[in-house]
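Asks: Have a look at the structure that comes next, please.
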Amino acid sequence: MATGFLRPTQRVVDCQALYHNVAEEIKLLPQGTELFAVVKANGYGHGAVKVAEIAKKAGATGFCVSILDEALELREAGFTEPILVLGVVEPCYLTVAVEHNIAVTAASLSWLQYASQLLQEDRIGQLTIHLKIDTGMGRLGLRTAEEISEVVRFLSDHSEFELEGVFTHFAKADSKDTDYFKKQNNRFAQALALLPNDIRYVHTANSATALWHEQNNCNLIRFGAAMYGLNPSGRELAAPFDLKQAMTLETEVVHIKQLPANESISYGATYTTTQEEWIATLPIGYADGLTRDFQGFTVLVGDKLVPIVGRVCMDQCMVRLNGPVPLGEKVIIFGNQDDQANDFQVGAEYIGTINYEIPCMLSERVPLVYVNEQLTAEE
Ligand SMILES: *Cc1c(COP(=O)(O)O)cnc(C)c1O
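Residues 656 to 1034, numbered by my numbering, are exactly what the sequence shown covers, in order.
In structure tokens form, the structure reads like this:
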């Protein structure tokens, strides 16, 4: 895919913000608790390798990804830290995991049995696994005491697996209502009682759990959204430290005109000027991840918030200015300053989704540009 380096539309990532979010979280962790940076989906769109570098400098001791290819990307970039694949890896690819010392999630006895056959046939050595317990997320993992005991028996007979971790995932750790969290937490404690007590990593916490809950029995957190400065609860809960949104989405005005009243803008002619209006064209559209739902969303042109008018096209969209601006005027589609009314949270609310989704859906066509790369430890 051609990335648009020769176009002014950019995903600008503030490295110091990433560093700050990780370092502040680490300050809150009990002694001996590690932080793995979650860099799946290209680091929630921020660039997995760069985010991993910065997180490591801030004190992260390992990484989580969703798919095996993402783990390989980190190994190829030279990271030697532990990496855990959170999704299910098809057993036929496990040689790759063993070769590159990548830990994978074991979520069922049948997967282990199948994996065991292939590992024994290939004689490739031990596979590192983290056992997933489904305490109420309903996505992956062992659910009952019987299943857990069966797996424990199976693993004690199968030295091709090294049980390095056990974990679960919370469905409602980002809520004021803690009942469901407590139910899952209790189930996890019951599961732990059935497992060997010398497992290296015991972990439950995503960002929300790390920010808002005590984690007993655990020695690792899986830190994702909050590292990027996204509040996992949206606006429901305040974070214990200042989360700094790392990314801004920027572009420039590439065309401008004054229209008389009664002229229409873009496909479907859904917007018609009501008076003389200044209309600017921006080189960003739904192929860049700015979906058509953003029609009407307000973006910053210079220091003025102005609306996107008419339909968002594949590669371009139009905004109604308050008056003329020069070509090349800077536009911030999603900003990261506290006083800007167009951060990812505002964008997410506008289209009825969560802040996580916005940076994830921005396209690879929009180049990633890193600023504030000289990281400084903060007091
Ligand atoms: C994505 C993911 C995380 C990170 O969640 P955040 O809310 O982004 O911190 C942690 N654990 C699992 C299993 C995940 O899939």
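Virtual Cβ for every residue (Gly too), placed ideally from N, Cα, C.
1. Locate the beta strand (DSSP E) running through residue 932, then write down its first and last residues.
2. Looking at ligand 1, does it come within less than 7 Å of residue 695, judged from the CB to the closest heavy atom?
3. With distance defined between alpha-carbon atoms, name the residue in 1028, 685, 1023 nearest to residue 658.
4. Check for me: the alpha helix (DSSP H) holding residue 810 runs from which residue to which?
5. Could you give the DSSP three-state label for residue 921: helix, strand or coil?
6. Got a sec? Which residues, its chain only, sit under 8 Å from residue 766 by beta carbon, not counting five neighbours each side?
7. With distances taken Cα to Cα, identify the nearest neighbour of residue 901 among 922, 660, 664, 671.
8. Is DSSP giving residue 679 helix, strand or coil here?
9. Quick check on the burial criterion: 16 or more other C-beta atoms within 10 angstroms. Buried or exposed for residue 975?
10. Let me make sure I understand the geometry here. Which of 718, 787, 782 has the alpha-carbon closest to that of residue 748?
11. Runs of 3 residues minimum, wholly inside the region 658-733: which ones carry the beta strand (DSSP E) assignment?
12. Kindly indicate which three-state DSSP category residue 978 falls into: helix, strand or coil?
13. DSSP state of residue 882, grouped into three classes?
14. Start and end of the alpha helix (DSSP H) containing residue 838?
15. Roughly how many whole angstroms lie between the Cα atoms of residue 914 and residue 936?
16. Skipping 5 residues on each side, what residues in its chain have a beta carbon closer than 7 Å to that of residue 813?
17. To the nearest whole angstrom, what separates the beta carbons of residue 875 and residue 989, a pair I think is in contact under 8 Å?
18. Short of 6 Å in beta carbon distance, which residues of its chain neighbour residue 1052, apart from the five on each side in sequence? Order them along the chain.
19. Can you give me the start and stop residues for the alpha helix (DSSP H) that residue 1001 sits inside?
20. How about residue 961 and residue 950: are their beta carbons less than 8 Å apart?
21. Of all the options 859, 702, 1029, which has the alpha carbon lying nearest to the alpha carbon of residue 823?
22. Give me the DSSP bridge partner(s) of residue 739.
23. Helix, strand or coil for residue 859 per DSSP?
24. So what does DSSP say about residue 775, is it helix, strand or coil?
25. Can you tell me where the beta strand (DSSP E) holding residue 962 begins and where it ends?
26. What three-state label does DSSP hand residue 947 in the structure shown?
27. Got a sec? Which residues, its chain only, sit under 8 Å from residue 727 by beta carbon, not counting five neighbours each side?
28. Going by the DSSP bridge assignment, what does residue 986 pair with across the sheet?
29. Which residues bound the beta strand (DSSP E) around residue 819?
30. Sort 736, 878, 729 by Cα distance to residue 680 and report the nearest one.
Replies: In short, the structure shows the following:
1. Bounds of the beta strand (DSSP E) holding residue 932 are 932-937.
2. yes
3. 1023
4. Unbroken alpha helix (DSSP H) run through residue 810: 800-811.
5. coil
6. Hits under 8 Å: 743, 746.
7. 671
8. helix
9. buried
10. 782
11. 665-669, 689-693, 717-720
12. Residue 978: coil per DSSP, three-state reduction.
13. helix
14. 834-848 is the span of the alpha helix (DSSP H), which, as asked, contains residue 838.
15. 13 Å
16. 771
17. Actually they are not in contact, since the Cβ atoms of residue 875 and residue 989 sit about 31 Å apart, beyond 8 Å.
18. Any answer about residue 1052 is impossible in this case: the structure gives the chain only from 656 up to 1034.
19. 999-1006
20. no
21. Measuring from the Cα of residue 823, the nearest candidate turns out to be 859.
22. The partner list for residue 739 (beta bridge, DSSP) reads 719, 758.
23. Residue 859: strand per DSSP, three-state reduction.
24. helix
25. 959-964
26. helix
27. 751, 755, 757
28. 906, 956
29. 816-822
30. The shortest Cα separation from residue 680 among 736, 878, 729 belongs to 878.
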